Each structure stands twice: as structure tokens, then as C-alpha cells.
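Everything below concerns the one structure shown next.
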Amino acid sequence: MDLFEYQGKQYFARFGIPVSPGGVADTVDEAVAQADAAGYPVVVKAQVQVGGRGKAGGIKLANDADEVRLHAGNILGMDIKGHTVERLWIENASDIEEEYYASFTLDRAAKQHLLMLSAEGGVEIEEVAVTNPDAIVKLHVNPVDGLSVETARQAAIDAKIPERALDGVASILVKLYDCFTAGDCDLAEINPLILKPTGEVHALDAKVSLDSNAAFRHPEWEEYSAIEVLDDRERMAKDRDLQYIGLDGTVGIIANGAGLAMSTLDVVNQVGGSAANFLDIGGGANADVMAAALDVINHDEKVKSIFINIFGGITRGEEVAKGIVEALSRVALRAPIVIRLDGTNAEEGREILAAAGIPPEQLISKPTMLDAAREAVAIAGGN
Ligand code: GDP
Ligand code: MN
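Once you know that position 103 of the sequence shown is 102 in numbering that gives the first Met the number 0, the rest is easy, because the numbers rise by one and skip nothing.
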């Protein structure tokens, strides 16, 4: 789950990472009130979950209430790379001497946490990675050992961060690591991390992505998920507790198990089609879950065929079949189903489907994953 900048900064603050005081505003009047409270000059910042807001004109300095009024009016409603600005963050403006970059992510291949640090911050880090890769220091952190101040300081020295910023940067790196691990983030990024003329180091931007799998131990995340940016289909799937990711293709996918669901996307792609979504109904799914899954897929206007790929282990064929029959009795599906049903009680499942008398233009059964993928893609008409 991605956070907005202001939420990310509030999250940082809980771990002691210094950020500028400020407040959110959804209207021009609120923006002025927040600026008055923060103290001038302020920065008016568009809250959208996309980078490069500065370049797009979504971040403006304001010296007085009139300037806040002008900028807030311009930025609210602005479109930044397809995201409409509905909220602003107004914060006390900082004097900037230098801009750095710092982030923690998980390096799955190395099975370690990865610190990336650069004295060349402010701009998109992808750009630095291309034009000046040596300017980014990468350091693996073993999760068992954690990150010491000494190690963090050495990384800052390696990144050629100047002497007078070293202690500040090292201290923030340790706190950012704590935020990343104890705070269950997939990503914790500060760009820019700034050095002020006073010598203080400070987070001027925040990009935080929380690991939703850890939500059970963070009741306080409720406030973030309440305003999480999801498309209609994803919102619907979330309400039904389904593991769903919306994609752009025309073949709706339902599979049991994340691995099989990913393979299904690959096979659809391999035979020239494109998946409309990823949807894993999990192990042991019953008829209700299958019906809910079909509901969500049916909501997707681009879907031209629905590929149900089940290899039953603990998921039982007759439950899958009952769910399909149940869904068909409740809603008119926008597209035909192509099913590959194999594994536990597949035969019973096929008998239930046959007995239900579903016409062949609504349901086609295929013996293998590849056959079913070809059929589903043929119906969808390729890409
Ligand atoms: P992004 O463009 O979406 O990454 O938004 P940022 O929050 O990183 O802001 C972009 C740039 O605006 C920063 O790199 C700064 O150069 C500038 N900026 C943001 N806040 C301030 C501030 O308080 N004072 C000054 N002088 N510049 C700022
Ligand atoms: Mn930034």
C-alpha cells in the first residue's frame, strides 16, 4: 500500500526522522489557514502518488497568504501524469544547501535489505543510475545484524557526502532503517534528504510503501487503507478479501494459488493474449469465493473471456463448480468462461457443471492449461 507524501512524513516522524511542520488542505482557504499556522515562507505541495511533482508544477514556494492562494488554486485539480490533485500538503519552507537520496528496499535475490545512498539527490534516482551509476552507494544490510551508526556513517562517507552532514545523515539512515523494518515497509525513500545551511539534515520528501501482509499487526494503518488509491475493480476485490491486481488485457483470470495464477498470466501471454487481471482465490476456496471472484471479473468492462484455471489440492473441484453455477444464477456474465479443472474431485466438479445445463457459449471445458489458454485467447480475439 503506497502512502501519500504527507502520510509518509507522519510515518517518518513516528520513528524520529526530522520532517518540516505542516498540514493538509483540500481547499484554498484551508491551504491559507495551514500556511498561517506553519509560518511563512511555505511550500505548497500536490499530494499525488507519482514522482516528479516539482517538474510538473505541483510544488510551489509561497511567501505570503496571497501567494498561497494563487498556487493552491492552480495546483488543486491539476493533472499530474494522470493523477488529479485533490489534496495539498503545506509545510514550512526549508533552506537547502544540498540534496541527497536515501532509500531502503528488500533485495529478494540477495535475501537482504538494501540501502541506496547518493549525494546526487533531488532528481529522479533512475536518471542518476543511468548517467552516473557510481554516484549511488549500495549497501546490503543483513536483517539479523541490523544497521549500526558506524556502518551508516561509512556508507555516507563512501557516497561522498560532506563531513559536516555525516552525523546527521548517519543518524537518519539508522532511523529510516528502523522505520523500514519495524514499520513493515516495502520501500522507505527520502528524495531529497537535505542539508540545511544550519548543518541540520532533514527529510524533504517521503515515499513509503507499506507491506500489506503486515497489516494485521498495525491497526493504525486503517486510516491509510481508508483512502488508499485503488481502481474500482481493486476496491471491489479488496472488499471481498480477494488477492487481485488489475491489469489492462482482455482475458479475465481466476486461479488457485499465486504461483498458478502467475503461470496462467504467462501462458495467456505466450499464446498471444493479454490478461485483464491477476486473481488468486487461494487454497481451499469454496463456492462463495468463486462466486465473488466472478463478480469482480464481471465488473471489468475490458474482459472478453474468463479463464478459470484450477489445479485442486485442498481446493475441491465440486466447490469450484458450485461457485460457478451459483455465480451464473446470480449475474449474467459479460463473457464466456473457459475452464481447466484438474486435481482433487475434478471429475465431480465437471459432473456438476454438466448437470447444470450451462450452454456451451457460456462455458467451455478444456483438459489442459495450454488448451484452455488458447481457447480463452481465441474468444478474446488476441490482444
Ligand atoms: P517530487 O518532485 O515529487 O519528488 O517532490 P519533492 O518533494 O521532492 O520536491 C521537489 C523539489 O522541490 C525538491 O527537490 C526541492 O528542490 C524543491 N523543494 C521542495 N520543498 C522545498 C522547500 O521547502 N524549500 C525549497 N527551497 N525547495 C523545496
Ligand atoms: Mn522527491
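Glycine is no exception: its CB is placed at the ideal position from the N, C-alpha and C atoms.
Computed from a predicted structure; not experimentally measured.
What are the boundary residues of the alpha helix (DSSP H) that includes Glu188? That residue, Glu188, is in no alpha helix (DSSP H); its beta strand (DSSP E) goes Cys184 to Leu194.
Here's the rule: buried if 16 or more other CB atoms are within 10 angstroms of the residue's CB, otherwise exposed. What is Lys44? buried
Give the DSSP-derived three-state secondary structure of Gln111 in the structure shown. strand
What's the C-alpha gap between Arg339 and Glu325? 18 angstroms
Helix, strand or coil, according to DSSP, for Gly15 in the structure here? coil
Taking 8 angstroms as the cut-off, does the CB of Asn141 come closer than this to any heavy atom belonging to the ligand MN? no
Inspect the beta-carbon positions of Thr263 and Ala254 and report whether they are closer than 9 angstroms. yes
To the nearest angstrom, how far is it from the Cα of Thr150 to the Cα of Gly311? 49 angstroms
Euclidean distance between Cα positions of Glu199 and Leu75: 32 angstroms
Leu116: which of Glu188, Gly283 and Arg239 sits nearest, CA to CA? Glu188
If you run the structure through DSSP and keep just helix, strand and coil, what is Gly316? helix
Are there 16 or more other CB atoms within 10 angstroms of the CB of Leu60, so buried, or fewer, so exposed? exposed
What is the rounded straight-line gap between the Cα of Ala101 and the Cα of Arg86? 26 angstroms
Please name the residue in Asp166, Ile305 and Gly81 whose C-alpha comes closest to that of Phe277. Ile305
Give me, in chain order, the residues of the same chain whose beta-carbon lies closer than 6 angstroms to that of Lys303; leave out the 5 immediate sequence neighbours on both sides. Thr249, Ala334 and Ala379
Could you tell me the alpha carbon to alpha carbon distance between Lys54 and Ala286, rounded to whole angstroms? 50 angstroms
In the DSSP assignment, find the unbroken alpha helix (DSSP H) run with Lys174 in it and report its ends. Leu165 to Ala181
Check whether the segment 217-229 touches the segment 117-135, taking contact to mean three or more Cβ pairs, one atom from each stretch, closer than 8 angstroms. no
Is the beta carbon of Gly38 sitting closer than 9 angstroms to the one on Asn91? yes
Pop quiz: Leu165 and Ala155 are said to be a contact at Cβ under 8 angstroms. What is the actual Cβ separation, rounded to whole angstroms? 5 angstroms
Does DSSP put Tyr10 in a helix, in a strand, or in coil? helix
How many angstroms separate the CA atom of Val270 from the CA atom of Ala372? 7 angstroms
Out of Thr314, His298 and Ala345, which one is the CA nearest neighbour of Val330? His298
Check whether chain C comes within 9 angstroms of Val18, counting only Cβ atoms and requiring the distance to be less than that. Here there is only one protein chain, and chain C is not present.
Quick check: the Cα distance between Gly15 and Ser273, rounded to an integer number of angstroms? 45 angstroms
DSSP puts Trp220 in a beta bridge; with which residues? Answer is none; Trp220 lacks a bridge partner.
Let me know if Gly120 comes out buried or exposed under the rule of 16 or more other beta-carbons within 10 Å of its beta-carbon. buried
Once DSSP output is grouped into helix, strand and coil, what is the label at Asp279? strand
Ala284: which of Val266, Asp265 and Glu317 sits nearest, CA to CA? Glu317
Which residue comes first and which comes last in the beta strand (DSSP E) that contains Ala101? Glu97 to Asp106
CA-to-CA distance, Glu227 to Lys237, given in whole angstroms: 11 angstroms
Cα-Cα separation, Val140 to Ile244: 30 angstroms
Beta-carbon contacts of Lys80 that lie in its chain and below 6 angstroms, excluding the five residues immediately before and after: Val49
Is Glu97 near the ligand GDP, going by C-beta to nearest heavy atom under 8 angstroms? no
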